[in-house]
Structures are given as structure tokens and as C-alpha cells.
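Residue numbers (this note's numbering), protein chains in the order written: chain A, 258 to 544; chain B, -13 to 193.
Glycine residues also receive a C-beta, built at the ideal position from the N, C-alpha and C atoms.
Note that this is a predicted model, so its numbers are computed, not measured.
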């Protein structure tokens, strides 16, 4: 016997599926097919079965069911807690790019208006510079600087939200490496499920794509760390042991991501043990 | 295929992706669509209004909409949710597009939906493209066509595209497929090749 979307067919008999579109969507999402004995459905069977009137009717009903099923799957996919976090991180990173670009441009513009102005030996942070530009410039330049400041404020608020959301969605990973970096790792992997499936060695170099491919193609030294470099234990470690810290940290992150995906709540006993191990690696013990 | 001068077009409702129109027909851009590029650099497969097509890797439904203009029905399989939202919109406007959100590497998940087809068209960014195509040829009628758009860089970025190309053709031949045409899609698409082949007739024992 074969189960098709319009009903079951076998031994010269056919029982059409009765039920509305929603029932049908549930039906087609649960049918299991053995491919070695499978024969594709035939629309004429559906007609002789009494399921539909003709070819056009067959297609129309199939399409209605398939559209409903696809919508259902899309909705399902977006219902995960990580789906929105993913968009938030991407927005955050793009805002950074935009703010930097606009700040650079505004500074260049300002230097044309004030030929004696230079940023050398000043150590002025970009946000202070933008404020100065806003206060001292009239017209569009001042307004652009104002907009950059506004964007900066929105960015700060968004970063706080990302961090809070990451603590909720991925408590273990966030506890080890901080909400923002945890969210970036998740973003780079494409979601919490893909991240939880990555081996530690891949998590270690996540975000170091260019270096990794250069290594694979031209045998340059392999990258020691990607996004996880942003963790203080990695970038504060002396150069010689940075690779080791990164490796240990990545190993614990791989476990943390799996805990986050499958358990979804913090696991204190794992976290204390993992922190100790990472600290030990940073001090130089533990190969 | 419908050509106006040297411009490939299809006839159907326009405005799917702001495509340009020519004499009331929709221009099918070879730089955007690999299938259109195939018709420009090679022969391809003549699409007919009676054809049923299984389209793997349907993406946003851009090429799907053109294929649907020519054919009777298109089963469009796509895995990612974001392009699927666009594909559903295309399906709503066309009677003969059946959107299926599924993984083309697992035909058993959509087997109860797909009837026998005259053409399997595959454009997926996966490493095992020949295997995926062969697995999906249970839906293909005997003597039906398989068009495989080979993304050599998805198979292995380190490998020479020419080598990947040869290996894929060998895999298809080993499965009994008869290779009709192989062509690189340059200058329209880099490192992409089209392989057109036909499914063998079933062997009848005792003949």
C-alpha cells in the first residue's frame, strides 16, 4: 500500500483522505515513505478515487495543501527563540558598520571646513568627535552628526537587548563568554541548532573564515581563534598560550551550546567546572 | 523556447521580480538565471506546455516563474525559510507552481506529493550534487531529462572545478544516465557548469 497526499492506494483499492486543509497538512507532514518500493502518485488515481474531478482540480487542491504546509513550516522555523536574536545581532553589526562609515565621512567633511583641524595626537574617541562636529557645524553636516549620535544611542540600547536575550536563549554559552559574543557565535553558525552541531574545532575558528580558507588553500598558519578572541581570557592571554586558551574555551563552548539547545537552562555544575578549566588553561597548566 | 531576436523570453504574468518586458513577454536574464544562461551558451532542453517539472533548489522563485510559464506544472523544492516566503508568493499568483519546503537530500519527505515528471532541474549548493540528483530521479519518467546545474565551488572549494565536473559526469554515467550535453556557463556564471542527461529506459528481461 502507498500513502499519498490525497489518500491511500493499494491492492486495487483506494481510500481518499477526508478532512480540511489543516488536517491534510498534518497528514502530509507525517506520512513516511519507503523509497525502495515507492511509486509516485498518479493524478488519475486521485480522480478515480473520487478525491477530485479532473487535472485542474487535482493541481489546485495540491497547491492549496502545499502552500498551507510551506507556510506552516516557515512559521515553525521562525518560532524558535533564536530566530529573532539572529536578526538582532545582524542588525547590531550592520549598525556598527554604518556608524563607522558615517563618522569617517563626517570627519572628512569637517576637515574640509576646518583646514587646520587634525585628529593626530588628540586621542579623541569617535563619539566625542561626532558631538563636536554637531555642535560646531551648521546645516546638513550638523544634522548628519546628530543622526550619527542618535544611531549610536539606538545601538547601545540594541546591544543591551541582544545581551539580555542571549542570556535567556543560550544561558550556558552566555555565562562562559558573555551574551554579546555568544549571540555573535550563534549568528555566525546560523542559529542555535547549527551551533550546537558544530565541533569544538569549528567553533574555535568561527568568524575567521578568510584566515581559515587561506590556510586550506595556500597553507598559511591556521587561525587560532575567530569570534572567541573577543573573550578577555583569549585576548589577554600571552601570545604563546593564546591558541591553547582558545582551544579549551571552544571545547567548553561546544558543550555549552549543546546544553543550551537540548536543555535550555543553565547547568551550574558544568559552568563551575568549565570556568575552572578555562582559568587553568590561561595560567599555563593543562595541555 | 521563445526568442525575440537574441533575447530569451517567457510568456506569463510579469512583475514577479521587476523583470523587464519585451513585446508583452518577460525577459529571462541569463546573468540572473542559470537556466537562461544554459539556453544562451548551449542547447538545453526544449520546455513544452505539457511538461511536468521537479525543481530542486527553487530559491526565491525567480527562475521557477519562468519555467512555470513554459510548463504544465512545477514542483518547487526549497529548504530555507526566507526564500520560501517569496516562493509561496509566486505560487499564489501561478496555478501551476507547487511549493514544497523540504530538504532535496531527503526525497522521502516529499515523495507522497510529487507525481512522475518529465524534467528534474537541480540547482542546489550542496557538496553531493550528483547523489542528490540520482536520489530524486525516482520521480523522473523513463527517457526524462535531468538538468544539473553544477556549482563546483559548493562541492569542494579547494578542488579544481574541471575535476569536480569530470567526477560528477562519471557518477551520472555510472548510474546509467545518458549524458546529452555538458557546458560551462561562462561568461554568465563563474565556475558553474550545466549537465543535461536523460534517464535510461527500464531494461526488460528476456528481450
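*Does any C-beta atom of chain A lie closer than 8 Å to the C-beta of residue 171 of chain B?*
no
_Element boundaries [beta strand (DSSP E), containing residue 180 of chain B]_ = 178 to 184
*Decide if residue 118 of chain B is buried, meaning its Cβ has at least 16 other Cβ atoms within 10 Å, or exposed.*
buried
*Let me know the secondary structure DSSP gives residue 271 of chain A once reduced to three states.*
strand
*Determine, using beta carbons only, whether residue 514 of chain A and residue 481 of chain A come nearer to each other than 8 Å.*
no
*So what does DSSP say about residue 193 of chain B, is it helix, strand or coil?*
Because residue 193 of chain B carries a pLDDT of 49, less than 50, the predicted location of this residue cannot be relied on, and the following value inherits that uncertainty. Coil.
*Partners in chain B for residue 292 of chain A, counting only beta-carbon separations shorter than 9 Å*: Per Cβ cutoff of 9 Å: 93, 94, 97, 121 and 124.
_Partner residues on chain B for residue 323 of chain A, Cβ-Cβ distance less than 8 Å_ = 77, 84, 85, 86 and 99
*Within 10 angstroms of the Cβ of residue 371 of chain A, are there 16 or more other Cβ atoms? Answer buried if so, exposed if not.*
exposed
*Applying the criterion that 16 or more other CB atoms from any shown protein chain within 10 Å of the CB defines a buried residue, is residue 362 of chain A buried or exposed?*
exposed
*Would you mind stating whether residue 473 of chain A and residue 80 of chain B have Cβ atoms separated by less than 8 Å?*
The answer is no: Cβ separation not under 8 Å.
*Would you verify that the beta carbon of residue 187 of chain B is, or is not, closer than 8 Å to some beta carbon of chain A?*
no
_Beta-ladder partner(s) of residue 60 of chain B, from DSSP_ = B:39 and B:83
_In whole angstroms, give me the CA-to-CA distance for residue 486 of chain A and residue 430 of chain A._
15 Å
*asked:* At the 8 Å Cβ level, is residue 305 of chain A part of the contact set with chain B, yes or no?
replied: Interface annotation, residue 305 of chain A: not in contact with chain B, CB-CB separation never under 8 Å.
*Apart from the five residues on each side of it in sequence, which residues of its chain come closer than 7 Å, Cβ to Cβ, to residue 406 of chain A?*
387, 388 and 391
*Same chain only: Cβ atoms within 7 Å of residue 111 of chain B, ignoring 5 sequence neighbours per side*: 137 and 140
*Run down chain A in chain order and give the residues with a C-beta less than 7 Å from the C-beta of residue 144 of chain B.*
473 and 474
*asked:* Assuming residue 12 of chain B is part of the beta strand (DSSP E), what are its boundary residues?
replied: 11 to 13
*At what residue ranges does the segment 340 to 398 of chain A contain a whole run of the alpha helix (DSSP H), taking only runs of 4 or more?*
383 to 393
*Just the Cα atoms here: how many angstroms apart are residue 23 of chain B and residue 16 of chain B?*
4 Å
*Can you give me, in chain order, the residues of the segment 272 to 298 of chain A that have a beta carbon less than 8 Å from any beta carbon in chain B?*
285, 288, 289, 290, 291, 292, 295, 297 and 298
*Please list the partners that residue 74 of chain B has in chain A, where partner means a Cβ-to-Cβ separation under 8 Å.*
324, 327, 328 and 331
*Starting from residue 170 of chain B, follow its DSSP beta bridges and name the residues at the other end.*
Answer is B:179.
*Ignore the nearest five residues each way along the sequence and tell me which others in residue 0 of chain B's own chain have a CB closer than 6 Å to its CB.*
7 and 12
*List the residues of chain B whose Cβ lies closer than 9 Å to the Cβ of residue 260 of chain A, in chain order.*
98
*contact_flag[the segment 489 to 508 of chain A, the segment 406 to 421 of chain A] where n(CB pairs < 8 Å) is 3 or more*: Three or more beta-carbon pairs separated by less than 8 Å are not found between the segment 489 to 508 of chain A and the segment 406 to 421 of chain A, which leaves the two stretches without contact.
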